[in-house]
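Have a look at the structure below, then the notes.
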Amino acid sequence: MKFTWGTGIALFYSAFALAMIGAVIASRQYDPGLVDKNYYDLDIHYQAHLEKKQNTATLTVLPSAAANAEQQTVALQFPAGMKVTEGTAKFFRSAEVGDDFKVQISSGDDGKIIVPTTKLHTGRWHVELDWQAGGKQYFYETTFNV
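Reading the sequence shown from the start, the letters are residues 4 to 149 in my numbering.
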């Protein structure tokens, strides 16, 4: 059998089609690891989120997060005199989606919250603080290292 231009083109397009089918199958098995699965809902309610960030910008002292490796805890420090009545702290890192978790938070008058970190792997962590204090809602993002 003689190898002609037509045979070469047919083989090329067949290989290309098989490669595309393989790429589609491989991409369907990959989890992109989105930070939030409901990102459409977050987009719809972005104005409320923006108002929380603006309330946080008015604070003279911003919240902070510091890890203590010996005690395996993370200390979330809110401004002095701010009593967090309710809220959430979402911990996540870029390396692995399975490590992400969320905890409910509330503080005493000192504004300090201790979160156990026995399940935190070493590395850089992000924490999103979404809380309510004094009738206002706040949102703040910060990072810390374990």
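Just so you know, even glycine gets a beta-carbon here, dropped at the ideal spot from N, CA and C.
Which residue comes first and which comes last in the beta strand (DSSP E) that contains Asp133?
For the purposes of this step, residue 133 is taken as the residue at position 130 of the sequence shown. Residues 127 to 136.
Pull up the distance between the alpha-carbon of Ala18 and that of Tyr33, whole angstroms please.
Translated into positions along the sequence shown, residue 18 becomes position 15. Translated into positions along the sequence shown, residue 33 becomes position 30. So the alpha carbons of these two residues sit roughly 23 Å apart.
Have a look at Gly25 and Thr145 and give me their C-alpha separation to the nearest angstrom.
Here residue 25 refers to the residue found at position 22 when the sequence shown is read from its first residue. Here residue 145 refers to the residue found at position 142 when the sequence shown is read from its first residue. Computed Cα separation, rounded: 40 Å.
Between the stretch 73 to 88 and the stretch 99 to 116, do three or more beta carbon pairs fall short of 8 Å?
Short answer: they touch.
At the level of alpha carbons, what is the spacing between Lys139 and Asn41?
The sequence position of residue 139 within the sequence shown is 136, counting from 1. The sequence position of residue 41 within the sequence shown is 38, counting from 1. Spanning the two alpha carbons is a distance of roughly 24 Å.
What would DSSP say about Glu89, mapped onto helix, strand or coil?
Against the sequence shown, residue 89 aligns to sequence position 86. In the structure shown, Glu89 sits in a strand (DSSP, three-state: E or B).
Could you give the distance in angstroms between the alpha-carbon of Leu14 and the alpha-carbon of Ile28?
Residue numbering aside, residue 14 sits at position 11 when the sequence shown is read from its first letter. Residue numbering aside, residue 28 sits at position 25 when the sequence shown is read from its first letter. Roughly 21 Å between the two C-alpha positions.
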